[in-house]
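Residue numbers (UniProt numbering): 1 to 647.
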């Protein structure tokens with residue numbers, strides 16, 4: 001093992017050193033008369049493609065659009081790009097110039113043009129695409145001509161580069177007049193061209209693993225298909241292009257590419273799934289996809305693999321349209337259960353992108369009780385909660401968190417925001433169903449209460465295959481129903497499951513950190529609001545009031561309890577967010593409104609009664625009355641010290 005690592009390190013050093021030597025030689029000779037850059041370009045392409053494949057073996061997030069220099073600065077590929085772009089990407093500018101040196105020849109494309117396009121395809125992952133193409137707009141016209149008329153591999157390379165350009169519409173569409181192509185480059189021909197039996201391809205054996213391979217020469221049929229798909233992905237987002245693609249049986253081709261029995265190239269499957277996700281943006285196609293057995297085919301995608309990460313995106317787009325989800329929930333129940341199981345696997349085992357899209361899928365799908373029930377049957381709450389709780393900002397030491405780059409912190413906090421949003425949907429929907437259940441159980445003895453809360457009656461109209469839509473007012477009404485009808489020793493699966501995970505204290509600590517420790521950051525208000533909404537539902541259960549009195553660590557040297565935190569949020573002049581204040585007051589009002597059971601009074605009498613008195617005074621001053629400017633405000637025990645002052 002040690003010998004293999006030494007050999008790999010030697011190869012790494014050799015690749016970077018050889019790239020530096022080639023670039024130095026090219027810089028000395030690039031403007032000399034008669035200089036032929038093809039041999040240098042060919043060797044650089046070979047080195048880059050080999051290291052790109054090695055980079056794939058590190059299993060990076062396939063949807064991470066950052067340059068390897070940022071995503072994994074210690075990788076060999078990152079070091080090679082630093083060498084290539086040491087002179088302000090002058091090598092890239094010359095590569096675009098080399099493409100145009102052959103213009104307008106399309107039938108006998110020079111080797112220099114082909115090699116330049118081959119280099120740019122690999123280098124695009126580290127190039128600012130917008131500036132690269134806007135500075136070379138003339139290239140786009142020629143790429144269209146090559147994609148339409150040139151032989152392989154030039155036509156395939158050109159179509160792939162157009163795919164990168166199309167990712168930013170500002171690059172292509174400002175072209176004016178007759179110079180702008182009015183059609184995509186042979187859309188039908190491209191689709192027919194990629195229709196091949198890749199399972200029987202004799203060009204070369206493709207790695208049958210979960211990572212995939214990368215090589216642009218010789219151009220295998222699998223790689224040819226991957227390059228064309230890269231072009232078609234941004235095109236599929238346009239309604240005008242969808243019909244021609246369907247006429248070319250693009251759906252059946254995609255089904256073949258994602259079938260592990262037919263396609264051995266996992267990167268081809270990944271690109272096909274990217275195209276599928278772009279097409280799922282169209283509502284009509286989404287429904288048609290389900291009718292053709294699309295879910296069954298998605299569930300057969302190999303896991304773990306880069307392709308399974310793309311499945312998470314497809315799940316999200318399916319959940320986005322209500323009609324699609326209704327059809328999905330009408331599928332056989334074992335199929336729906338398998339889909340939920342796949343989604344939960346993504347939460348536990350996928351890349352960050354897969355976890356995020358799976359979280360958003362469940363956030364949309366929870367409105368369908370069938371999905372909610374299967375989520376609970378498969379321990380879904382724990383798996384969703386752990387996506388948030390295992391982030392390094394919670395598990396790492398202060399020194400480790402301090403060393404995190406800004407983009408890593410942003411990713412962690414975005415994940416936390418998405419998970420808390422999904423948890424909010426999960427708990428609010430369970431609250432609505434629980435309030436209905438309690439109301440039905442005690443309908444005879446609580447007729448008056450039932451009439452005051454028509455929400456419970458409206459839930460009876462929703463089957464498990466239909467989504468439940470609700471408002472904040474209905475959530476508030478459901479809290480009131482639970483407050484009056486629930487027994488003090490109520491056993492309720494969602495709250496009990498979160499309690500076993502110490503989830504309530506975790507959410508309170510998250511609120512404190514987001515509001516007072518982390519300073520302003522993207523998603524801050526939403527994270528706090530979602531977390532407090534979950535706390536509100538939990539506090540509808542009497543025994544959860546005890547958790548509001550348990551002190552938790554905000555920093556290494558500061559602790560507080562839930563009531564203190566809520567009082568501070570509700571009356572904090574530095575962190576003013578109306579929704580946060582409203583939720584804080586709602587929780588406080590819920591706590592002071594609930595009758596205390598005898599066991600709770602015996603265990604926590606003095607601290608609980610003290611907090612209830614404080615909270616009652618504060619709620620009365622802020623909810624029941626509007627004090628005048630000269631009226632003395634009630635005194636409350638709030639967070640002090642670094643937990644509030646640090647920004």
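Yeah, the Cβ is synthetic: ideal placement off N, Cα and C, and Gly gets one too.
Are residue 154 and residue 121 close, meaning C-beta to C-beta below 9 Å?
Position 154 of the chain shown, counted from the first residue, corresponds to residue 154. Position 121 of the chain shown, counted from the first residue, corresponds to residue 121. No, they are not a contact pair.
request  = Could you give the DSSP three-state label for residue 558: helix, strand or coil?
outcome  = Counted from its first residue, the chain shown places residue 558 at position 558. It is a strand residue.
| If we ignore side chains and look at the alpha-carbon of each, how far apart do residue 562 and residue 508 end up? | Here residue 562 refers to the residue found at position 562 when the chain shown is read from its first residue. Here residue 508 refers to the residue found at position 508 when the chain shown is read from its first residue. When rounded, the distance between both Cα atoms is 6 Å.
Requested in this report: Just confirm the distance between the C-beta atoms of residue 433 and residue 364, as a whole number of angstroms; I'd bet it's less than 8 Å.
Outcome: Residue mapping note: residue 433 aligns to position 433 of the chain shown, counting from 1. Residue mapping note: residue 364 aligns to position 364 of the chain shown, counting from 1. No, residue 433 and residue 364 are not in contact; Cβ-Cβ is about 17 Å, not under 8 Å.
When you compare each of 473, 542, 442 to residue 490 by their alpha carbons, which one comes out closest? Position 490 of the chain shown holds residue 490. For residue 490, the nearest C-alpha among the options comes from 542.
- Is residue 13 helix, strand or coil by DSSP? Counting from one through the chain shown, the residue named residue 13 turns up at place 13. Correct three-state label for residue 13: helix.
| Entirely enclosed beta strand (DSSP E) segments - the region 39-63, minimum 3 residues | none
Practice task
With a cut-off of 8 Å on the beta carbons, I'd call residue 307 and residue 269 a contact; round off their distance for me.
Solution key: Walking along the chain shown from the start, residue 307 turns up at place 307. Walking along the chain shown from the start, residue 269 turns up at place 269. Right, the Cβ-Cβ distance comes to about 4 Å (below 8 Å), so this counts as a contact.
Q.
Between which residues of its own chain and residue 41 is the CB-CB distance below 7 Å, once the five residues before and five after are set aside?
A. In the chain shown, the residue the question calls residue 41 occupies position 41. Once the five neighbours on either side are set aside, the close Cβ partners of residue 41 are 115, 116, 119.
Problem - residue 284 Cβ short of 8 Å to the ligand MN heavy atom set - result: Annotation note on the ligand MN: not contained in the displayed structure, which lists no ligands.
Cβ contact check for the region 352-371 and the region 393-402: 3 or more pairs under 8 Å: no
- [ ] Go ahead and label residue 144 buried or exposed: buried means 16 or more other beta carbons lie within 10 angstroms of its beta carbon, across all protein chains shown.
- [x] Reading the chain shown from its first residue, position 144 is the one you call residue 144. So residue 144 counts as buried.
Worksheet item: Between the region 228-237 and the region 321-334, do at least 3 Cβ pairs fall closer than 8 Å?
Response: no
Original post:
Which value, in whole angstroms, describes the spacing of the CA atoms of residue 304 and residue 416?
Top reply: The count along the chain shown starts at 1 and reaches residue 304 at position 304. The count along the chain shown starts at 1 and reaches residue 416 at position 416. Roughly 24 Å separates the two Cα atoms.
Below 8 Å on the Cβ atoms is my guess for residue 429 versus residue 380; work out the distance and round it to an integer in Å.
Numbered from 1 along the chain shown, position 429 holds the residue referred to as residue 429. Numbered from 1 along the chain shown, position 380 holds the residue referred to as residue 380. Between residue 380 and residue 429 the Cβ distance is about 13 Å, and since that is not below 8 Å, they are no contact.
- Item | Spatial neighbours of residue 650 in its chain, beta-carbon cut-off 6 Å, leaving aside the 5 residues before and after | The first residue shown for the chain is 1 and the last is 647, placing residue 650 beyond what the model contains.
Rounded to whole angstroms, what is the Cα-Cα separation between residue 545 and residue 593? As a first step, residue 545 must be located in the chain shown, where it is residue number 545. As a first step, residue 593 must be located in the chain shown, where it is residue number 593. Taking the straight line from one Cα to the other gives about 12 Å.
Hey, would you say residue 441 sits closer than 9 Å to residue 485, going by beta carbons?
Residue 441 sits at position 441 when you count from the first residue of the chain shown. Residue 485 sits at position 485 when you count from the first residue of the chain shown. Yes. Within cutoff.
Using a 10 Å radius around the Cβ and a threshold of 16 neighbouring Cβ atoms, would you call residue 476 buried or exposed?
Residue 476 sits at position 476 when you count from the first residue of the chain shown. Classification for residue 476: exposed.
Note to self: Can you tell me which residues form a DSSP beta bridge with residue 309?
What the structure shows: If you number the chain shown from 1, residue 309 lands on position 309. Note: residue 309 sits in no beta bridge, so no partner.
Fill in: C-alpha distance - residue 34 paired with residue 354, whole-angstrom precision
Walking along the chain shown from the start, residue 34 turns up at place 34. Walking along the chain shown from the start, residue 354 turns up at place 354. Computed Cα separation, rounded: 51 Å.
### Message
Report the CB separation of residue 38 from residue 96 in whole angstroms; it is logged as a contact under 8 Å.
### Response
Counted from its first residue, the chain shown places residue 38 at position 38. Counted from its first residue, the chain shown places residue 96 at position 96. Between residue 96 and residue 38 the Cβ distance is about 16 Å, and since that is not below 8 Å, they are no contact.
Am I right that residue 384 and residue 359 are in contact with their C-beta atoms under 8 Å? What's the rounded C-beta distance? Along the chain shown, one-based indexing puts residue 384 at 384. Along the chain shown, one-based indexing puts residue 359 at 359. Yes, residue 384 and residue 359 are in contact; Cβ-Cβ is about 7 Å, under 8 Å.
According to DSSP, simplified to helix, strand and coil, what is residue 321?
Numbered from its first residue, the chain shown carries residue 321 at position 321. Coil.
Enumerate in chain order the residues of its own chain whose CB-to-CB distance from residue 256 is below 6 Å, with the five nearest sequence positions on each side excluded.
For the purposes of this step, residue 256 is identified with residue 256 of the chain shown, where counting begins at 1. 262, listed in sequence order.
field: Rounded separation between residue 603 and residue 342 - CA only
entry: The residue labelled residue 603 in the question sits at position 603 within the chain shown. The residue labelled residue 342 in the question sits at position 342 within the chain shown. Because residue 603 carries a pLDDT of 48, less than 50, the predicted location of this residue cannot be relied on, and no value is offered for it.
Taking buried to mean at least 16 other C-beta atoms within 10 Å of its own C-beta, is residue 573 buried or exposed?
To locate residue 573, count along the chain shown from 1; it is residue 573. The residue in question, residue 573, is exposed, as its Cβ has fewer than 16 Cβ neighbours within 10 Å.
| request: Would you mind giving the Cβ-Cβ distance between residue 231 and residue 159, rounded to the nearest angstrom? I have them listed as a contact below 8 Å. | output: Mapped onto the chain shown, residue 231 falls at position 231. Mapped onto the chain shown, residue 159 falls at position 159. With a Cβ gap of about 4 Å, residue 231 and residue 159 count as contacting.
For residue 49 and chain D, any beta-carbon pair shorter than 9 Å? No chain D appears in the structure shown, which is made up of a single protein chain.
Cβ-based burial, residue 51 [other Cβ within 10 Å; buried from 16]: Mapped onto the chain shown, residue 51 falls at position 51. Buried is the call here.
What are the uninterrupted segments assigned as alpha helix (DSSP H) that are 4 or more residues long and contained completely in the region 400-451, given in chain order?
406-441
Spatial distance of residue 177 from residue 220 (CA atoms):
The residue labelled residue 177 in the question sits at position 177 within the chain shown. The residue labelled residue 220 in the question sits at position 220 within the chain shown. Low confidence applies here, because residue 177 scores a pLDDT of 36, under 50, leaving its location unreliable; read the following figure in that light. Spanning the two alpha carbons is a distance of roughly 37 Å.
(request) Put residue 215 into one of helix, strand or coil per three-state DSSP. (result) To locate residue 215, count along the chain shown from 1; it is residue 215. Residue 215: coil per DSSP, three-state reduction.
Helix, strand or coil: how does DSSP classify residue 210 here? Locating residue 210 in the chain shown gives position 210, counting from the first residue. Note: residue 210 maps to coil in three-state DSSP.
Report task. Taking residue 310 and residue 274 to be in contact with their CB atoms under 8 Å, please state how far apart those CB atoms are, rounded to whole angstroms. Result -> Residue numbering aside, residue 310 sits at position 310 when the chain shown is read from its first letter. Residue numbering aside, residue 274 sits at position 274 when the chain shown is read from its first letter. Correct: roughly 6 Å between the Cβ atoms.
Which whole-angstrom value describes the C-beta separation of residue 146 and residue 109, a residue pair presumed to lie in contact below a C-beta threshold of 8 Å?
Along the chain shown, read from residue 1 onward, the residue named residue 146 stands at position 146. Along the chain shown, read from residue 1 onward, the residue named residue 109 stands at position 109. The Cβ separation is near 7 Å, so the contact holds.
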